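Chains as they are written, first to last, in this note's numbering: chain A, 1 to 218; chain B, 1001 to 1503.
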């Protein structure tokens, strides 16, 4: 009895945090402040939004009208495709956290992740209906689709900036400055990762060839 | 599966080679096309070599010497045997026999009465022969009994300085007897002569293509550096052909690879009377021959068109010098097929120089091999032509059936899908047409079909749509109203009073 009640409260909390994403879309400054400071958001809801975003991306490939999206299925790797969304997000969170902790940002890593995911809400919100809509238009009406699609991205970017501003308690100028700095940090991380992997692989190759050489001589 | 299929193809290939030594073309990879993604898709052969004719087959002693020009009218074939300063008149007597009817090496009525390096010949329907006699700096007009009628010489125009030698290389004559010719070192376009021999100007001078970075470099460079740079000059044309509708097809080899990729270079152009390019390029790819090229096997660079010919069904074929290939396009600029190659076998060329058509048959003149190759369409090629012609004549249903036969022979033929779709569209079967267009990413035709389908669908379901709209708009209103009434009843003073009285 008590367990089910607890579960009910729990799921209600999850649903209310998920519903709070919609509030964030329309009232970004207020919403993202409450998200962390009033604990109106949850990581579970953030994960859900991220999952929906990835799902929207994948479903676009298959279900959007070919007028807008043409997929060469021979050349698609679904795991790489999913990684192309998750990997930059991970880099963004880590890069942003690493920079802002040094410059009195108030957000913790989990909060940055949560706010970033909440900021993505417009994407699945607009793109899922757009998938249906794309199958109802001709080439001449394609502009509607393009405008709406761009709108979802612009909206999400605006939310991203608001989210970072509220979480770190920064001014707008500082937020935008640090967003660019984060992008630079992401590039640096990519560079280091590439360097790391190529070093490791040449190191491995080196030892493998030594091993082979020894085997040949024996 | 793939392996077994390949093995099967190999077996069939071997059987065919055994069956007849003539089927040198049965090997995979002779005929191909590009799909939507730009990948090469091999197809059944559209043309097969009927025969390759050398001087011996034509009944001549000694070889042809680097023949350059070719012309076909009716069943007569004219070859400019440039190195031997003569023109050969041949007659095609049946499917695979060509007989020499006469050798033209002189004429009556003017001096000199011989040719010097004739490079092109054009014979008109009304029985005149126009010859590019470059060595003698003239274009000759003769009648069919080889009597001199007139000549076209260097125009008396300020565009031509006195020092320049006038060397006409290629020409084509329209139905009114006007001559369009190309001369070496003339880059203002085609030289146009009226039928009385009067020079009437240039046609189709190309716009100079340059980008602004080049321009800035030129501004910064010194005089000497500038002299070494490539100068911005209009392109020279390499060949000219007047199609059955009277438009002038020209091709140029003076193209660079970046312009080809971006579509800025038009190696094949179709000029109207004003000299504007009206070639339609609605295909997935530009009309540039091969869309991908690499440096392999000693053959580098993009396709370079040396000649072009246009069939009566608006299909035009370009001849590529680089790899010895022929590229056929329909009137929308979509590639029908490409075939050929460089080599010594039948159906391959060493240096293709000229291309002509006789009905649906194609003739290619090879200047190094000194031979004339006669191609005839296979069942596959004929079906494509049939489908195109039926569509042009308005037999849409039949055209769709022909395209279906093409598809049965080659499932990778994109045009077959679109052809069937267009036929279905004309028959009003929109939903089916949409499926075919969708498969080959033809968005414009798909939209045409979809627009009609959507209209039909809305008309059929108008009642449901109205009911739904009504429901969406009115139900919340109704619910709101009912709630309001209920609320008013619940909170009305009447019950309050009653309660108060009771207590």
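We put the CB at the ideal spot given by N, CA and C, even for glycine.
Being a predicted model, the structure only gives us computed values, none of them experimental.
Can you tell which of A:192, A:115, A:24, A:49 has its C-alpha closest to the C-alpha of residue 124 (chain A)?
A:49
Alpha carbon of residue 1416 (chain B) to alpha carbon of residue 135 (chain A), nearest angstrom
Separation of residue 1416 (chain B) and residue 135 (chain A) (C-alpha to C-alpha, rounded to the nearest whole angstrom) is 24 Å.
Kindly indicate which three-state DSSP category residue 1352 (chain B) falls into: helix, strand or coil?
strand
Alpha carbon to alpha carbon, how far is residue 218 (chain A) from residue 211 (chain A)?
11 Å
Could you check whether the Cβ of residue 1447 (chain B) sits closer than 9 Å to any Cβ belonging to chain A?
yes
Who pairs with residue 1106 (chain B) in a beta bridge, going by DSSP?
B:1114, per the DSSP bridge assignment.
Specify whether the segment 1320-1334 of chain B and the segment 1282-1299 of chain B touch according to this definition: at least 3 beta carbon pairs, one from each stretch, less than 8 Å apart.
yes
Residue 1309 (chain B) burial status per 10 Å Cβ neighbour count (16 or more: buried)
buried
Consider the Cβ of residue 136 (chain A): report whether some Cβ of chain B lies at a distance smaller than 9 Å.
yes
Beta-ladder partner(s) of residue 1377 (chain B), from DSSP
B:1047
When you compare only the Cα positions, how much space is there between residue 1269 (chain B) and residue 1242 (chain B)?
About 11 Å.
Per the DSSP calculation, residue 1143 (chain B) is bridged to which residue(s)?
B:1128
Measure the alpha-carbon distance for residue 45 (chain A) versus residue 31 (chain A) and round it to whole angstroms.
15 Å
Using a Cβ cut-off of 9 Å (strictly closer), state whether residue 1450 (chain B) contacts chain A.
yes
Does residue 176 (chain A) come within less than 9 Å of chain B when only Cβ atoms are used?
no
Taking contact to mean at least 3 C-beta pairs separated by less than 8 Å, is the segment 91-108 of chain A in contact with the segment 1484-1492 of chain B?
no
Could you tell me the boundaries of the alpha helix (DSSP H) in which residue 1404 (chain B) lies?
First-last of the alpha helix (DSSP H) with residue 1404 (chain B): 1396-1409.
Three-way DSSP call (helix, strand, coil) for residue 1215 (chain B) in this model:
helix
Between the beta-carbon of residue 1324 (chain B) and the beta-carbon of residue 1349 (chain B), is there less than 9 Å?
yes
Compute the Euclidean distance between the alpha carbons of residue 1297 (chain B) and residue 1342 (chain B), then round it to the nearest angstrom.
Rounded to whole angstroms, residue 1297 (chain B) and residue 1342 (chain B) show a C-alpha spacing of 10 Å.
Taking Cβ positions only, does residue 1443 (chain B) come closer than 9 Å to chain A?
yes
Give the range of the beta strand (DSSP E) segment to which residue 1251 (chain B) is assigned.
1248-1251
In chain order, each beta strand (DSSP E) run of at least 3 residues that lies wholly inside the segment 107-152 of chain A:
none
Please report the straight-line C-alpha distance between residue 60 (chain A) and residue 1203 (chain B), rounded to a whole angstrom.
50 Å
Residue 1170 (chain B) bridges to which residues according to DSSP?
For residue 1170 (chain B), which the question treats as bridged, DSSP gives the partners B:1182.
Have a look at residue 138 (chain A) and residue 74 (chain A) and give me their C-alpha separation to the nearest angstrom.
27 Å
Closest Cβ-Cβ distance between residue 77 (chain A) and chain B: below 9 Å?
With its beta carbon at least 9 Å from every one in chain B, residue 77 (chain A) lies outside the interface.
I'd like to know if residue 1030 (chain B) contacts chain A, where contact means its C-beta is closer than 9 Å to some C-beta of that chain.
no
Beta strand (DSSP E) containing residue 1060 (chain B): first to last residue?
Note, residue 1060 (chain B): premise wrong, no beta strand (DSSP E); not H, not E.
Proximal residues, the segment 38-52 of chain A versus chain B, C-beta separation under 9 Å
none
Hey, does residue 63 (chain A) have any beta-carbon neighbour from chain B nearer than 9 Å?
Chain B has no Cβ within less than 9 Å of the Cβ of residue 63 (chain A).
For residue 1050 (chain B), which residues from the same chain have a beta carbon less than 8 Å from its beta carbon, with the 5 sequence-adjacent residues on both sides left out?
1095, 1096, 1361, 1374, 1375, 1376
Roughly how many whole angstroms lie between the Cα atoms of residue 1131 (chain B) and residue 1223 (chain B)?
43 Å
Please state whether DSSP places residue 1473 (chain B) in a helix, a strand or coil.
helix
Run down chain B in chain order and give the residues with a C-beta less than 7 Å from the C-beta of residue 72 (chain A).
1037
Let me make sure I understand the geometry here. Which of A:69, A:160, A:26 has the alpha-carbon closest to that of residue 131 (chain A)?
That would be A:69, whose Cα lies nearest to the Cα of residue 131 (chain A).
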